[in-house]
Amino acid sequence: MRQPANASNSPRNNKNKPSSNLKMVGSVRARVIRTLLAIQNGQSLSSVLDPLLNSLHEGDKGFAHALLLTTLRQWYALERLLDTLADNNIDEVEVRTTIQVGLTQLLYLEVADHAAIHETVEAVKEIDFAHASGLVNAILRKVVKNTNKFRKKCDKNHSLPNWLAYQLKQDWSEEYPALTKGLRQPAPMFLRVNSTINSVDAYQKSLVEADVSADLVELVSELQLPNLADNETANIITSIITQSLRLEQTTAVAGLPSFAEGAASVQDMHAQLAAPLIHQALINKGNADALKNDDANTAELHILDACAAPGGKLAHWLELLNADKQSALFHVKQKDSTDDKNAAASKEIDSRAIQLTAIDNEAPRITRIHENLERLNLEKSEQINLNIVCTDATRWQGMAQSKKQKADKNAPVFDAILLDSPCTATGVIRRHPDISLLRAEEDVEQTASLQAEILDNLWPQVKVGGYLLYVTCSILKQENVEQMQAFLNHHTNATAIEFTEACSWGIAQEVGRQCLPIDSESGDGFYYALLHKQK
Ligand SMILES: C[S@@+](CC[C@H](N)C(=O)[O-])C[C@H]1O[C@@H](n2cnc3c(N)ncnc32)[C@H](O)[C@@H]1O
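For the sequence shown, UniProt numbering begins at 1 and goes up steadily by one.
What follows is the structure, given as C-alpha cells:
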C-alpha cells in the first residue's frame, strides 16, 4: 500500500513518489495535477511551468497559472485540512493531489462550486484514478457546505513543512506569525531600470503611456566605510539610494515598454540592493588606492561576481559601472615627486580599466547570463573587460594579472567580490512555492557547508583593503548571520562593515541585515553582510 504524503516531511522523501512522466494532455485541471505530481517527483516549478503553459490555449493560461501557484502556496495547509476531511487515510498521492487542486478552487479561487467539483472529478478520471472519483466528489461536496469555515481552518495552519516552520519559529519568534502568513502570499513584481539607457523617471512615464501602473520605491542604505586616509579606524558614512519600480499588477514582460531592447529588467527590490552596495565599497577602495598610489595594481581594478548566473546582479553592477565612468574608481593618480605626500596633490593621469570576472558552475545558467547581458547591451564596454567562466567557486583561483602579482602566486587578486551564494532560497518561497516541497531539513546543513567552503576559497583572493559582499536569499540564520559569525571567528583579517540605523530595509543582525518577506508590498527575504579585509 502506498504511503500518504506526510506534512512534516518533504515530498522528496516520500517512498511513494508519483509517476514522473509529465503528459501534457487532457483538461486544464488534469494538466495542473500532472504538473504538481512532477514537482513532487523532484522537478522544479521553473522547469515544468513553461511546458504546462505552452501546452494550453491562451485563454486557459491565466487560470492554470493561478491554480498551480495557489495550490503550491497553500500546499501544506491543504494537506492538513485534507487529513481532517477524509474518514480514512488517503494513500494515493495522485488522489490527494487532485483533491488539493479541488480545494484550492473552492477555498482560494473564485471558481463556481459546481464547476470546481464537476471538473475536478472528471480530472481524476483523466489521470487514470477513476476509482477515486466518488471520494473526490464526496470530500469537495462536504467543503462547499461551509466554505468559510474550511477556509478559516486552512488559513489557521501555516503552509510550510514542519521542519521549516520549526526553524523559522526558532530564528524569528517575534516575526513568525507574520512571516508564515507572508510566505503563502504572491510577491509583487519589481523592475530595475537600465540606467545606461534611461532614467527611472523617464521609464516610469513610458509605463504610464503603456497603461502599466507602477510606484517608485526608494531604499536607503547607509554604511560606515573605512576612511580613505591611512587611519583605518576612522569611518565615513555613505548613503546609497536604490530606486526600483513596483508594478501594481504582475505583467508579462512583453507588455513592458522597450523590454526587448533592454530598457528594464525584472528584479526583486531587495535583490536590487546588492550591486549598489558592492559598487559603493569598490568606489571607496578605488578612492583609497588613488590617494595612496603606492601599488602597481591600482592601474586596474579586479572584481569578481561569484555565483553569477543568470546574471541579474551582474547586469546591475555593469549598469552602475558603465554609468559611473567619471568616478574616481576609474582613474589612476600619479604622485608628483616635487610635492609632498599630500594625496590631494596627486594628479590624474590615466583611465583605469576594470577586469570583471563572473563565475558559476552551471553551464546552462551561464548561457542565460549571456542572453541577459545581450538584451541589456552590456556584454561589451570600453573600460570593462568582462570574463565569464564556468567553474566551481569552492576551488577556482582567480588569475593574477599584474607582474607584481604574477611574481607572487599567492597574492590576492580582487578588489571586490560579490558572492551571491547558493542557499536554500527560503526567502523567495513566495515566487517559487515549490521550494517548500523540494527542500528537506538536511539541505540546510549541506548548503551552509557549501557556503563556508566558497567563502574560505574566495576570501584569501580579496586584496587588503578590499571587500566581499555576502548575499543569500535565505531567511534561515544558519546560512546568514550565523554563517558570518563563524566566518569572522575564523578569519581575523575580516571585519564586518556596519550598516547604520538609517537603513530603510531589513532587520539589523549582529552581522549584516536581514530582509523578511512579511509585507505584501515588500521584497524578498535577502540577507546582506559586507566584509572588509584588513592587514
Ligand atoms: C543565488 S544564485 C545566483 C543568482 C545571481 N547572482 C543573479 O543575481 O542572477 C546562486 C548561483 O550559485 C551557483 N552555484 C552553486 N554552487 C556553486 C559552486 N560550487 N560554484 C559556482 N557556482 C555555484 C548556482 O549555479 C546559481 O546560479
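For every residue, glycine included, the Cβ atom is placed at its ideal position computed from N, Cα and C.
These figures come from a predicted structure and were not determined experimentally.
Residue j beta carbon less than 9 Å from that of residue i
i	j	result
methionine 24	serine 47	no
glutamine 40	threonine 104	no
arginine 184	arginine 368	no
proline 422	arginine 365	no
histidine 247	alanine 281	According to the sequence shown, residue 247 is leucine rather than histidine. Taking 9 Å as the Cβ cut-off, leucine 247 and alanine 281 do not qualify as a contacting pair.
histidine 302	phenylalanine 414	yes
histidine 270	glycine 42	no
alanine 263	tryptophan 317	no
aspartate 443	aspartate 305	no
threonine 250	proline 188	yes
arginine 29	valine 93	no
arginine 352	alanine 299	yes
isoleucine 497	tyrosine 467	yes
isoleucine 90	leucine 135	yes
valine 220	alanine 448	no
leucine 516	tryptophan 172	yes
asparagine 157	alanine 77	yes
threonine 35	leucine 52	yes
alanine 508	alanine 452	no
alanine 315	leucine 378	yes
asparagine 284	threonine 238	yes
residue 540	serine 133	Nothing can be reported for residue 540: it is not among the residues displayed for the chain, which extend from 1 to 535.
Straight-line gap, residue i to residue j (C-alpha atoms, nearest Å)
i	j	result
valine 212	proline 257	9 Å
leucine 82	glycine 427	27 Å
tyrosine 166	asparagine 227	43 Å
proline 433	leucine 37	14 Å
glycine 525	aspartate 268	10 Å
methionine 484	histidine 131	54 Å
asparagine 88	valine 121	19 Å
glutamate 479	lysine 535	27 Å
serine 44	lysine 181	23 Å
leucine 455	alanine 494	12 Å
alanine 345	lysine 292	Confidence at alanine 345 is low in this model, with a pLDDT of 45, below 50, so its placement is unreliable and the value that follows should be read with caution. For alanine 345 and lysine 292, the distance between alpha carbons rounds to 11 Å.
glycine 465	glutamine 446	31 Å
leucine 418	leucine 320	14 Å
alanine 425	leucine 109	27 Å
cysteine 519	asparagine 457	A small correction: the amino acid at residue 519 is aspartate; cysteine does not occupy that position in the sequence shown. In a straight line, the C-alpha of aspartate 519 is about 36 Å away from that of asparagine 457.
alanine 252	asparagine 361	30 Å
leucine 437	leucine 72	8 Å
valine 462	tyrosine 470	13 Å
lysine 341	arginine 513	Summary for lysine 341: the model assigns pLDDT 49, below 50, so the residue's position carries little reliability, and this model does not support an answer.
glutamine 170	valine 111	38 Å
arginine 31	isoleucine 127	9 Å
glutamate 482	valine 217	30 Å
lysine 313	leucine 373	11 Å
alanine 363	cysteine 390	6 Å
serine 337	leucine 245	Any reading at serine 337 needs caution, since the residue's pLDDT is 49, under 50, leaving its predicted position unreliable; the model's value is listed next. Each residue's Cα considered, the two are about 50 Å apart.
Backbone secondary structure at residue i - three-state DSSP
i	result
glutamine 514	strand
residue 542	The structure shown does not extend to residue 542, since the chain is modelled only from 1 through 535, so no value can be given for it.
proline 188	coil
glycine 262	coil
glutamate 498	strand
aspartate 360	strand
tyrosine 108	coil
glutamine 509	coil
isoleucine 241	strand
proline 51	helix
glycine 398	coil
alanine 132	helix
histidine 432	coil
alanine 252	coil
alanine 38	helix
aspartate 91	coil
lysine 292	helix
arginine 439	coil
threonine 472	strand
aspartate 305	strand
asparagine 387	strand
valine 464	strand
Cβ of residue i within 9 Å of any chain D Cβ
i	result
arginine 430	Included in the structure is just one protein chain, with no chain D present.
beta-carbon residue i near ligand 3 non-hydrogen atom, thresh 8 Å
i	result
cysteine 515	In the structure shown, ligand 3 is absent; the only ligands present are ligand 1.
Any contact of the stretch 187 to 197 with the stretch 528 to 535, i.e. 3+ C-beta pairs under 8 Å?
no
State whether the stretch 55 to 70 contacts the stretch 138 to 145, with contact taken as three or more CB pairs (one from each stretch) at a distance under 8 Å.
no
For the pair the stretch 157 to 174 and the stretch 272 to 291, tell me if three or more CB-CB distances fall below 8 Å.
no
Mind the definition here: the stretch 379 to 394 touches the stretch 352 to 365 only if three or more C-beta pairs lie below 8 Å; say whether that holds.
yes
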